[in-house]
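Protein chains: 2
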Amino acid sequence: MIQRLTEHDRENLQESLATSGQKVTAQREIVFAVLLAKRDHPTVEDVFQRARESMPGLSLATVYNCLETFVGCGLVRQVNHERESTRYCPNLAPHAHFRDEATGHVHDIELPPEIIQSLRSILPAGFNSETIEISFRGRSQETPPRSTSN
Amino acid sequence: MIQRLTEHDRENLQESLATSGQKVTAQREIVFAVLLAKRDHPTVEDVFQRARESMPGLSLATVYNCLETFVGCGLVRQVNHERESTRYCPNLAPHAHFRDEATGHVHDIELPPEIIQSLRSILPAGFNSETIEISFRGRSQETPPRSTSN
DNA sequence: CTTGCAAATTGGAATCATTCCAACTCATTC
DNA sequence: GAATGAGTTGGAATGATTCCAATTTGCAAG
Ligand SMILES: [Mn+2]
Ligand SMILES: [Mn+2]
Ligand SMILES: [Zn+2]
Ligand SMILES: [Zn+2]
Chain A
1 MIQRLTEHDR
11 ENLQESLATS
21 GQKVTAQREI
31 VFAVLLAKRD
41 HPTVEDVFQR
51 ARESMPGLSL
61 ATVYNCLETF
71 VGCGLVRQVN
81 HERESTRYCP
91 NLAPHAHFRD
101 EATGHVHDIE
111 LPPEIIQSLR
121 SILPAGFNSE
131 TIEISFRGRS
141 QETPPRSTSN
Chain B
151 MIQRLTEHDR
161 ENLQESLATS
171 GQKVTAQREI
181 VFAVLLAKRD
191 HPTVEDVFQR
201 ARESMPGLSL
211 ATVYNCLETF
221 VGCGLVRQVN
231 HERESTRYCP
241 NLAPHAHFRD
251 EATGHVHDIE
261 LPPEIIQSLR
271 SILPAGFNSE
281 TIEISFRGRS
291 QETPPRSTSN
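Below you can see the structure in the form of structure tokens.
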């Protein structure tokens, strides 16, 4: 259960933080590692629980801080469904989210560029959008959980 | 500023409520009228303020109740952006939302059926979605506010 | 008409995710 | 090894929403 980053992921973290003038800390490493280890769109509370296993003294406030920092430097995305707790996703590829109403699980849905393009094209003149968010809600026949280690 | 429903809208309200075994009340009429009068995706608080002008004794709890009832019988949609207060929209046609980051205004964006179709088609086998939500975020050159009376 | 009932409304308390804050810790620089 | 500034921490504050118990209302039955 101890969270460790690969060379590559650590560098990624280091550089992304550096870009916005911030540093790698033990807490940030662990929180980031937790996100990469299990890509199930955990809530802040989920991340907190998991990270605490490696760092018992970690505070909830710090988890909030780390996640906000990561969002700020583009390392992770926030995922909201209705009014539920915000979830966090380290998948940077363009994708939509599918929320299974039965299980509460959130799945990534790949977004082909042509769909994104056609969506942009429905915006009337004068509307400039930097972000498009797409979320599905329904039921799914739970995919056999393929390994999510990183 | 007094909120009144047209024959047609009142019938619509009456029938939608009846379908789920509920009745028209003075409070529900006014809340519904407020939604139709200004389709700017008001928050609960917005609706509360506006409705109070016609019915000073109306309570916030009742506004929450009415809106929940309307969502339940399909008369209005909830609109969420990030973690902001939920907004309400009486436009039942399939549409996406554009949130102007400068003004906070929310605009309806028409959704052509073929786009909806292509979105459904990106779902892997086993995923059945009843609802798709699409929201844009960005800036817009504010359209001259065309009349929104009903 | 009264009376009785179920649904709806109301004001205020409770919840709960998130934000705020002031004190404390740590790494780095002088 | 003192000063500095970013980062962390625990707890308080916030704010939208939900919950609840006490009325009120609209009808229906007697
Ligand atoms: Mn989503
Ligand atoms: Mn939306
Ligand atoms: Zn994702
Ligand atoms: Zn709308």
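Heads up: the sequence lines are chains A and B, in that order. 132 is the number that the numbering used here gives to position 132 of the first sequence; each next residue is one higher, with no gaps. 259 is the number that the numbering used here gives to position 109 of the second sequence; each next residue is one higher, with no gaps. Ideal placement from N, C-alpha and C gives every residue a C-beta, glycine not left out. Source: prediction; values computed, not measured.
* Determine the burial state of P192/B: buried for a count of at least 16 other Cβ atoms within 10 Å of its Cβ, exposed for fewer. => Counting of Cβ neighbours within 10 angstroms places P192/B among the buried residues, the total reaching 16 or more.
* **Listed by chain order, chain A residues near T281/B by CB distance under 8 Å** => Among the residues of chain A, those whose CB is under 8 Å from the CB of T281/B are F136, R137, G138, following chain order.
* With DSSP collapsed to three states, give me the class of S279/B. => Under the three-state reduction of DSSP output, S279/B falls in the strand class.
* Asked: Cβ of V229/B within 7 Å of any heavy atom in ligand 4?
  -> Yes, the beta carbon of V229/B sits closer than 7 Å to at least one heavy atom of ligand 4.
* Helix or strand or just coil, what does DSSP make of C89/A? -> If DSSP states are grouped into helix, strand and coil, C89/A belongs with the strands.
* Between the stretch 125-138 of chain A and the stretch 275-295 of chain B, do at least 3 Cβ pairs fall closer than 8 Å? -> Segment contact: the stretch 125-138 of chain A against the stretch 275-295 of chain B, three or more CB-CB distances shorter than 8 Å; contact assigned.
* To do: Would you please verify whether the beta carbon of T148/A is less than 8 Å from any beta carbon of chain B?
  => No answer about T148/A holds up, because its pLDDT of 49 lies below 50 and its placement is not dependable.
* So which residues on chain A does R233/B lean against when the C-beta distance must stay under 9 Å? -> The answer, in chain order, is Q78, N80, R83, T86.
* Run the proximity test for H191/B: is its beta-carbon closer than 7 Å to any non-hydrogen atom belonging to ligand 4? => Yes.
* Find the nearest neighbour of S166/B within the set N241/B, H245/B, S271/B, L225/B, judged by alpha-carbon distance. => Selected option, being the one with the closest Cα: L225/B.
* Please decide whether P112/A counts as near chain B, where near means a Cβ-Cβ distance under 8 Å. => With its beta carbon less than 8 Å from one in chain B, P112/A belongs to the interface.
* Asked: Since Q78/A sits in a beta bridge, which residues does DSSP pair it with?
  -> Under DSSP, Q78/A forms a beta bridge with Y88/A.
* To do: Would you mind sorting Q210/B into buried or exposed? The rule is 16 or more other CB atoms within 10 Å of its CB.
  => Reading the sequence as shown, one finds Leu at residue 210/B and not Gln. Under this definition L210/B is an exposed residue.
* Buried versus exposed call for A252/B [16 or more other C-beta atoms within 10 Å across all chains shown] -> Label assigned to A252/B: exposed.
* Asked: Is the Cβ-Cβ distance between L35/A and P112/A less than 8 Å?
  -> Their beta carbons are not under 8 Å apart, which means L35/A does not touch P112/A by this criterion.
* Asked: Are there 16 or more other CB atoms within 10 angstroms of the CB of E11/A, so buried, or fewer, so exposed?
  -> E11/A should be labelled exposed.
* Asked: Hey, would you say the C-beta of N278/B is under 7 Å away from at least one heavy atom of ligand 6?
  -> As far as ligands go, the structure on display features ligand 1, ligand 2, ligand 3 and ligand 4 and does not contain ligand 6.
* **Inter-residue Cα distance where the pair is T156/B and A246/B** => If you take the alpha carbons of T156/B and A246/B, they lie about 27 Å apart.
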